[in-house]
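Just so we're aligned, residue 0 is where the sequence shown starts under numbering that gives the first Met the number 0, counting upward by one.
Glycine is no exception: its CB is placed at the ideal position from the N, C-alpha and C atoms.
Remember, it's a predicted structure, so these values are computed and weren't measured experimentally.
Written below as structure tokens is the structure these notes are about.
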Amino acid sequence: MKKKMMSLALAVMMCVSLCVPAFAAERTRIEINVENEAEIAEFFHSPEYDPDNLYSFIIPNQIQLRMLCPRCGSNSYRGMTERREGPPIMIMCPASPDLSSDKSIKFEVYTYSECDQCGYKTSSVFLNKYWEIECHLEYWDGAGTWKARPGQSYRNGYDLHEDPDYMGLR
Ligand SMILES: [Zn+2]
Ligand SMILES: [Zn+2]
């Protein structure tokens with residue numbers, strides 16, 4: 000069994016060492032010296048630009064990694080987040096289960112990238128979720144709003160309202 004694993008690992012290693020240079024050779028990486036980011040955008044519109052090559056831009060005195068728009072090459076391409084709010088539901092208050100209910104609103108956060116220049120937009124990818132809990136006992140003085148996040152447990156010192164498992168939140 001052990002021997003079989005070894006030979007399998009060896010086969011994988013050999014494949015990696017043989018395959019990687021073959022893939023890397025397909026695209027040439029070209030370094031280009033520019034004065035500023037505007038020149039990078041200009042380059043993508045120029046006849047010198049070849050989509051089959053990979054480019055590294057070197058801007059003097061400026062160490063900065065920026066994503067460029069894959070459609071227009073503009074540096075107006077940035078990551079955005081979007082918060083989707085669910086309908087409010089009433090849940091049992093963990094502090095006083097015999098009284099009336101607390102209000103819970105589920106939020107789901109998605110991320111996408113968007114270009115201000117040409118409007119190109121990627122599809123949204125789920126990032127995380129949380130719940131906002133308004134406690135009926137404490138809300139009147141403004142102190143009764145809690146955020147329940149996955150992984151928060153009352154066993155680790157969080158309030159019961161901040162523990163989504165305890166609150167039965169899905
Ligand atoms: Zn763009
Ligand atoms: Zn409560």
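A Cβ-Cβ contact shorter than 8 Å links Ile29 with Asn52. When DSSP states are grouped into helix, strand and coil, Glu113 belongs to the strand group. Within the model, the alpha-carbon separation for Tyr157 versus Ser123 is close to 31 Å. Remark: C-beta atoms of Gly118 and Lys105 do not approach each other more closely than 8 Å. Non-local C-beta neighbours of Asn127 in its own chain, meaning closer than 6 Å and more than five positions away in sequence, comprise Val108, ordered along the chain. In this structure, Leu136 has its beta carbon less than 7 Å from a heavy atom of ligand 2. Look at Ala147 here: in three-state DSSP terms it is strand. Set against 7 Å, the gap from the CB of Pro163 to the closest heavy atom of ligand 2 is not smaller.
Collapsing the DSSP output to three states places Tyr76 in a strand.
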